[in-house]
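Residue numbers (the numbering used here): 21 to 390.
In structure tokens, the structure reads:
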């Protein structure tokens with residue numbers, strides 16, 4: 021089981037004192053948060069990709085490459101990479117380069133993006149979001165797996181005898197998660213290729229994501245990648261933690277009430293009862309997170325959103341200390357103990373390399389008539 025954090029990189033005014041970080045301060049804070057994640061024993065740091073204010077992470081691989089140089093264990097990922105408005109050739113090149121720099125500690129999450137104006141900024145039409153996601157990803161897979169590609173599609177110029185460079189590290193492309201909050205077509209795409217499916221269920225009710233994940237699992241089995249309970253599932257989550265529960269509620273309330281994404285809507289009490297948001301003690305976060313397995317089955321990756329809504333860096337780092345020392349060790353122990361032996365771990369570069377080597381050996385044995 022992998023545990024980590026993801027950031028959306030919002031630049032938001034702190035409602036308790038009216039201060040707002042500069043873009044540079046927010047970017048540097050994201051880096052500091054990633055380094056803290058490794059320090060406290062988390063497995064994954066993921067950054068979003070946004071091209072509109074008030075967000076700053078417009079170039080995820082630049083940031084992840086910088087973090088790679090300062091870490092040694094942390095898996096570097098995205099949440100998400102926009103498969104619709106980025107060119108597949110550039111994605112193939114950027115993430116293969118990042119693989120080499122990070123010694124394989126790289127995967128990524130593909131998503132369509134939900135900000136309509138971004139599409140025309142990159143010459144695309146949001147009404148073509150699903151077809152773009154399907155076609156672009158099909159090309160991306162070929163670019164990573166074929167040394168020379170001839171290709172023609174609907175949304176970009178043809179390729180003739182094209183080789184993407186650098187080639188994936190050890191001949192093994194980064195593992196891909198497909199992130200979605202509402203689109204069964206994306207769950208179908210993930211299942212078709214045997215990729216991971218990430219349900220970032222931080223806003224919508226659990227019942228909605230139960231249906232989406234169940235559909236992905238059924239289709240994963242349909243395409244012959246394994247049984248439904250062996251499908252690779254990741255989940256999002258949100259938490260605000262203090263040793264005393266009431267302190268957590270009192271401190272987080274002004275940030276929640278004024279947050280751009282959900283402020284001035286449902287009350288904090290309503291939101292925590294209807295979504296995965298947990299505000300309270302480490303034990304309360306543990307107990308609520310353990311219910312995710314009851315709702316969705318055994319899964320491989322849990323990422324928490326910890327640095328949003330104007331929370332100061334000092335507070336976020338304190339949250340990560342609690343997450344790493346008091347929450348994750350117990351969650352890891354409990355969830356690993358409950359997971360059946362036939363349910364796989366989350367893929368890593370090393371496990372994918374080993375699987376590729378085993379497949380090549382098996383193929384060579386068949387050809388040799390052994």
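The beta carbon of each residue, even a glycine, is placed where N, CA and C say it ideally should be. Being a predicted model, the structure only gives us computed values, none of them experimental.
Notebook entry, point to check: How do the segment 217-235 and the segment 264-272 stand: do at least 3 beta-carbon pairs fall below 8 Å, yes or no?
Noted result: no
Margin query: Among the candidates 253, 257 and 81, whose CA atom is the shortest distance from the CA of residue 25?
Written below: The count along the chain shown starts at 1 and reaches residue 25 at position 5. Among 253, 257 and 81, the Cα nearest to that of residue 25 is on 257.
Check: Shortest alpha-carbon distance to residue 71 belongs to which of 253, 292, 133 and 374?
Finding: On the chain shown, position 51 is the one that residue 71 refers to. For residue 71, the nearest C-alpha among the options comes from 133.
Item checked: Proximity below 7 Å, CB of residue 84 to CB of residue 118 -> Stepping through the chain shown from its first residue, residue 84 is reached at position 64. Stepping through the chain shown from its first residue, residue 118 is reached at position 98. Yes, they are a contact pair.
Note to self: For the beta strand (DSSP E) containing residue 96, name the first residue and the last one.
What the structure shows: As a first step, residue 96 must be located in the chain shown, where it is residue number 76. It spans 95-98 - the beta strand (DSSP E) in which residue 96 sits, taken as one unbroken run.
Item checked: Endpoints, alpha helix (DSSP H) assigned at residue 175 -> For the purposes of this step, residue 175 is taken as residue 155 along the chain shown, with counting starting at 1. Here residue 175 belongs to no alpha helix (DSSP H), and DSSP marks it neither H nor E.
Next item on the list: Grab me the residues of residue 35's own chain with a C-beta within less than 7 Å of its C-beta, minus the 5 sequence neighbours each way, in chain order.
Entry: Along the chain shown, read from residue 1 onward, the residue named residue 35 stands at position 15. The answer, listed in chain order, is 274, 275, 278 and 330.
Checklist line | Test item: CB-CB of residue 309 and residue 351 under 7 Å | finding: To locate residue 309, count along the chain shown from 1; it is residue 289. To locate residue 351, count along the chain shown from 1; it is residue 331. Cβ distance < 7 Å, so residue 309 and residue 351 count as in contact.
Note to self: Helix, strand or coil, according to DSSP, for residue 261 in the structure here?
What the structure shows: Here residue 261 refers to the residue found at position 241 when the chain shown is read from its first residue. The answer is strand: DSSP assigns residue 261 an E or B state.
Checklist line | Separation of residue 105 from residue 184, as counted between CA atoms | finding: What you label residue 184 is simply residue 164 of the chain shown in a count that begins at 1. What you label residue 105 is simply residue 85 of the chain shown in a count that begins at 1. The alpha-carbon atoms of residue 184 and residue 105 are separated by roughly 19 Å.
Next item on the list: Closer than 8 Å by C-beta to residue 272: which residues in its own chain qualify, once you throw out the five before and the five after it? Chain order, please.
Entry: As a working note, residue 272 is residue 252 in the chain shown. The residues are 260, 288 and 299.
Note to self: Considering just the uninterrupted stretch of the alpha helix (DSSP H) at residue 321, what are its terminal residues?
What the structure shows: Taking the chain shown and counting its residues from 1, one reaches residue 321 at position 301. Not the alpha helix (DSSP H): residue 321 falls in the beta strand (DSSP E), residues 321-325.
Next item on the list: List the whole-angstrom C-beta distance separating residue 29 from residue 68, where the pair is believed to meet the contact cut-off of C-beta under 8 Å.
Entry: The residue labelled residue 29 in the question sits at position 9 within the chain shown. The residue labelled residue 68 in the question sits at position 48 within the chain shown. That belief holds up - the Cβ atoms of residue 29 and residue 68 are roughly 6 Å apart, short of 8 Å.
Notebook entry, point to check: Under the three-state reduction of DSSP, which class applies to residue 30: helix, strand or coil?
Noted result: Here the question's residue 30 lines up with position 10 in the chain shown. DSSP places residue 30 in strand when its eight states are reduced to three.
Check: Would you call the CB atoms of residue 253 and residue 217 closer than 7 Å?
Finding: As a working note, residue 253 is residue 233 in the chain shown. As a working note, residue 217 is residue 197 in the chain shown. A contact, by the Cβ cut-off of 7 Å.
Check: Does DSSP put residue 149 in a helix, in a strand, or in coil?
Finding: Within the chain shown, residue 149 is the residue found at index 129, counting from 1. Helix.
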